[in-house]
Amino acid sequence: MDVAVETVSGPIKLPRVGSDNVDFLQRLNSAVFPVKYSFQFYKQILAGETIGRLAVLDPPFTASRAAMSSGSSAPECVGAIVARRQPYDFTQSYKGNFNTADSDDMYIYRSRLEFQHRCQNEMYVMTLGVLPQYRHLRIATTLLDRLISDFSQIYGIHQVSLHMQTNNSVALAFYLRYGFKIVKTVPGYYKNIDPPDAYILTLTL
Ligand SMILES: CC(C)(COP(=O)(O)OP(=O)(O)OC[C@H]1O[C@@H](n2cnc3c(N)ncnc32)[C@H](O)[C@@H]1OP(=O)(O)O)[C@@H](O)C(=O)NCCC(=O)NCCS
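Residues 1 to 205 in full-length UniProt numbering are what the sequence shown lists, from first letter to last.
Here it is, written out as structure tokens:
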């Protein structure tokens, strides 16, 4: 379902990613991130294993900004977020290869925890990006607010977590401002980008 909210800059819609608009997410990710996301990444969204939302702006707002970029006045996907549900503290505690961890790994991990943690979930942010010409408009904040609300309603999450490259000062400023804290540094987390080190950030709800 589309959700219309007001940002400081105008109306923005936040549709769930599905088969009718997954191509918008692919284009957005290609424009924002240095790595190419796999077919599997998009398949997981369509299978409902992960949840994504897009930020779509309508004209006339896009008309003025688009004059600087594409020249189009059509509705434009300017940002997106994708996240998955995990057992609580999975991001911090899992000792295996996090990038290839699947639902079986999560099940085993969960079954080893104390009872109070067995039923708790966290939301893990896989991607969050906004096109350069639409930054500083609270679009990422709006997307993150909305997805936390989705996960709270659907799964009853207690925490939000993510990995981020240690040199990404813009994203770090964004997440710290939102209320996240750095809880761990993981050397060599990323395989094909430099620096390979990651911070784990968490937000307690
Ligand atoms: C990080 C990112 C998603 C932020 O998107 P955004 O829509 O510009 O963020 P917001 O407008 O919601 O920012 C909210 C607050 O975060 C902080 N912030 C955002 N960008 C910042 C920057 N370049 N420098 C310092 N602080 C910044 C500010 O405190 C800002 O509030 P303010 O504008 O009132 O000062 C965007 O820069 C981006 O897509 N970066 C590339 C992709 C990426 O690194 N993603 C994160 C890892 S998955």
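Backbone N, C-alpha and C fix where the C-beta goes; we use that ideal spot for every residue, glycine too.
Could you check if residue i is buried or exposed, using at least 16 other CB atoms within 10 Å of its CB as the buried criterion?
i: residue 159; result: buried
i: residue 169; result: exposed
i: residue 76; result: buried
i: residue 18; result: exposed
i: residue 20; result: exposed
i: residue 107; result: exposed
i: residue 39; result: exposed
i: residue 52; result: buried
CB residue i to CB residue j, shorter than 8 Å?
i: residue 24; j: residue 57; result: no
i: residue 78; j: residue 148; result: no
i: residue 125; j: residue 81; result: yes
i: residue 14; j: residue 201; result: no
i: residue 157; j: residue 34; result: no
i: residue 134; j: residue 163; result: no
i: residue 178; j: residue 204; result: no
i: residue 84; j: residue 50; result: yes
i: residue 175; j: residue 121; result: no
i: residue 195; j: residue 153; result: no
Could you tell me which of the options sits nearest to residue i, measuring between CA atoms?
i: residue 123; options: 106, 132, 88, 130; result: 88
i: residue 184; options: 91, 15, 28, 176; result: 91
i: residue 206; options: 204, 191, 187; result: The chain is shown from 1 up to 205; residue 206 falls before or after that span and cannot be answered.
i: residue 11; options: 103, 137, 130; result: 137
For residue i, which three-state DSSP category applies?
i: residue 205; result: coil
i: residue 28; result: helix
i: residue 13; result: strand
i: residue 3; result: With a pLDDT of only 48 at residue 3, under the threshold of 50, the placement of this residue in the model should not be trusted, and no figure is reported.
i: residue 124; result: strand
i: residue 199; result: strand
i: residue 51; result: strand
i: residue 82; result: strand
i: residue 35; result: coil
Quick one: complete alpha helix (DSSP H) runs, 4+ long, within the region 128-190?
-> 139-155, 169-178
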